[in-house]
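Enquirer: Per the working numbering, the very first residue in the sequence shown carries number 510; after that it's consecutive.
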Amino acid sequence: MYSVIEKVIFLQDIDVFKDVKVEDLAHLAVIAEEVSFLSGTALYEMNDSPDALYIVVAGKVRLHRNGQEIAVVGTREAVGAWSLFDDEPRVATATALEDTEALRIARDDFYDILSDHVRIAEAVLKSMARRLKSLTNLIQQPASALPNMKSET
């Protein structure tokens, strides 16, 4: 079982929480539930309602859609964080590639924290804006400049 301090250490490495002050991360750490997944078990399925985000503490998670691998997520990375911000179904399935331990933050608990702690909400919005700018810059590059991009014909 992880202490609040250990959970804070994991949370501060997650992109969406990078701008959240350490003392504010403690509020999120309190609601972060420890969960385990055996290799081959889905954390969530494509089209599921986005009910939680997961921070991988140990193990690896494969994100895939329609048989195609999107990414492999490892220790100190988040899975499903961005889908918490809309009501749309999940766009991919997340499956444990090996036995995996994670911290799970339920959507409802997350929103309760955001409504009670404005500084956390502001920091999360700042992270989202930075991510959106990064993605906008990426899609504005010519296709020849994008690394490892495959043509979809």
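All residues carry an ideal CB built from backbone N, CA and C; glycine is no exception.
Here the structure is a predicted model, which means the values were calculated and not measured.
Start and end of the beta strand (DSSP E) containing Phe-546?
Expert: Start and end: 542–546.
Enquirer: Write down the C-beta distance between Asp-522 and Ser-636 rounded to the nearest angstrom, noting that I regard them as a contact closer than 8 Å.
Expert: Wrong, their Cβ atoms sit about 12 Å apart, outside the cutoff.
Enquirer: At which residues does the beta strand (DSSP E) containing Arg-585 begin and terminate?
Expert: Note, Arg-585: premise wrong, no beta strand (DSSP E); not H, not E.
Enquirer: Leaving out five residues before and five after Phe-526 in sequence, what residues of the same chain have Cβ atoms less than 6 Å from its Cβ?
Expert: Counting only Cβ-Cβ distances below 6 Å, and skipping sequence neighbours, we find Leu-520.
Enquirer: Have a look at Thr-479 and Met-510 and give me their C-alpha separation to the nearest angstrom.
Expert: With the chain covering 510 to 662 only, the question about residue 479 has no answer from this structure.
Enquirer: Answer yes if the stretch 597–608 comes into contact with the stretch 633–647, meaning at least three C-beta pairs across the two stretches below 8 Å, and no otherwise.
Expert: Judged by Cβ distances under 8 Å, the stretch 633–647 makes no contact with the stretch 597–608, as fewer than three pairs qualify.
Enquirer: I'd like the span of the beta strand (DSSP E) that includes Thr-609, first residue to last.
Expert: Segment 609–615, the beta strand (DSSP E) holding Thr-609.
Enquirer: Roughly how many whole angstroms lie between the Cα atoms of Ala-471 and Arg-613?
Expert: In the structure as shown, the chain begins at 510 and stops at 662. Residue 471 is therefore absent and cannot be evaluated.
Enquirer: Please check the pair Asp-560 and Arg-616, which I expect to be a contact at CB under 8 Å, by giving their CB distance rounded to whole angstroms.
Expert: At roughly 5 Å, the Cβ-Cβ gap stays under 8 Å, so Asp-560 and Arg-616 are in contact.
Enquirer: Secondary structure at Ile-564, three-state DSSP: helix, strand or coil?
Expert: If DSSP states are grouped into helix, strand and coil, Ile-564 belongs with the strands.
Enquirer: Residues bridged to Ala-551 by DSSP?
Expert: The partner list for Ala-551 (beta bridge, DSSP) reads Thr-604.
Enquirer: Could you name the residues of the same chain whose beta carbon sits closer than 7 Å to that of Val-513, not counting the 5 residues immediately before and after it, in chain order?
Expert: Closer than 7 Å at the Cβ level, and outside the excluded window around Val-513, lie Ala-535, Ala-538 and Val-539.
Enquirer: For the alpha helix (DSSP H) that contains Arg-639, what are its first and last residues?
Expert: Counting along the chain, the alpha helix (DSSP H) containing Arg-639 begins and ends at 627–648.
Enquirer: Tell whether a beta-carbon distance below 8 Å holds between Ala-605 and Ser-548.
Expert: In contact: Ala-605 and Ser-548 (Cβ atoms closer than 8 Å).
Enquirer: With DSSP as the reference, label Glu-532 as helix, strand or coil.
Expert: Helix, per DSSP.
Enquirer: So the alpha helix (DSSP H) Leu-520 belongs to, where does it begin and stop?
Expert: 513–520 is the extent of the alpha helix (DSSP H) around Leu-520.
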